[in-house]
Amino acid sequence: MNFFKARVLLWPLLLITFLVLAGMGAAFAFGGLNALALKSLFTSSSNERDSQVVQSVTSIQEVALLSLHIEGLARDERNREILGVAIPASEKTTLIQYKFDAKLGIDGSQVKIEPTGPGSFRVTIPEFIGIGFDDPVFEDALESNNALSWLAPPAVQTRMINNILSDENKQKYISENEAELKDQAKSFYSGIITSIDPEITVAFDFAG
């Protein structure tokens, strides 16, 4: 009778033991999953890639003959109009001070050097080009406003800068300095040819 009673009292103990073991197993599994989740959450990659494809290679043989130091003040004036009539006191003026070095020259690959006889050559120089701008500096824009200037649209400063560096201005610099460009081209190529033979005679033709 006592033995049966002892057997009956073992069931709660076995049940509790089972539940504890099951709980530990679940906690282990859950903890393992959490660890994996946290690991995947905080894992970082330091792999960096820069994919570039060279589509073409062009040989550029630009010859700089002149470098002009340019300083100026770009001006943009705007106002508001109604039916084509400007509203009084709506004028807005924007100023940008700038400076840079403009490089002028030629495409050396287009230069032709041909013999014209014993000890003589003709050098054909292509059209002069604007090669680029060095050390451009643009000061912060200044605005001059009137009482109703807020009615006028603001100046587009990027457009003002693009106009300063435009191909039209490059061509203007070329036209204003064409004589100096020709002299520099003659000096440059005469120096190359006569360094081989000082007795060689060199003639020049210029495009345009």
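Each number in the numbering used here corresponds to the 1-based position in the sequence shown with 201 added.
Each residue gets a CB set at the ideal place from its N, CA and C atoms; glycine is no exception.
Every value quoted in this text rests on a predicted model; they were computed, and no experiment measured them.
In the three-state reduction of the DSSP assignment, leucine 366 falls in the coil class, being assigned neither a helical nor a strand state. Residue Phe339 holds the alpha-carbon nearest to the alpha-carbon of glutamine 358 among Arg323, Phe339 and Gly309.
Contact check for threonine 295 against aspartate 277 passes: the beta carbons are separated by less than 7 Å. Taking a C-beta distance under 7 Å as the contact criterion, glycine 333 and lysine 373 do not qualify as a contact pair. Residue pairing for glycine 273: DSSP places it in a beta bridge opposite Tyr299. Counting along the chain, aspartate 406 sits inside no alpha helix (DSSP H); it lies in the beta strand (DSSP E) bounded by residues 402-407. With a cutoff of 7 Å on beta-carbon distance, threonine 402 and serine 321 are scored as near each other.
For aspartate 384, the enclosing alpha helix (DSSP H) has its first and last residue at 379-395. Taking 7 Å as the cut-off, the beta carbon of alanine 404 is found no closer than this to the beta carbon of glutamate 328. Taking 8 Å as the upper bound for CB-CB distance, leucine 266 and phenylalanine 389 are in contact here, some 7 Å apart. Assignment of glycine 309 by DSSP, reduced to helix, strand and coil, places it in the helix class. If the five residues before and after threonine 317 are omitted, its C-beta is found closer than 8 Å to the C-beta atoms of Arg323 and Ala404, all from its own chain and listed in chain order. Taking the Cα positions, glycine 273 is about 40 Å away from threonine 395. In the DSSP annotation of this structure, glycine 320 is not part of any beta strand (DSSP E), being labelled neither H nor E. Taken atom to atom, the span from the alpha-carbon of alanine 386 to that of aspartate 335 is near 21 Å. The C-alpha of histidine 270 is placed about 14 Å away from the C-alpha of glutamine 298. Alanine 275 is a Cβ neighbour of isoleucine 365, given a cutoff of 7 Å.
Alanine 342 is bridged by DSSP to nothing; it lacks a bridge partner. Of the candidates Pro337, Lys313 and Pro319, Lys313 places its Cα closest to the Cα of isoleucine 326.
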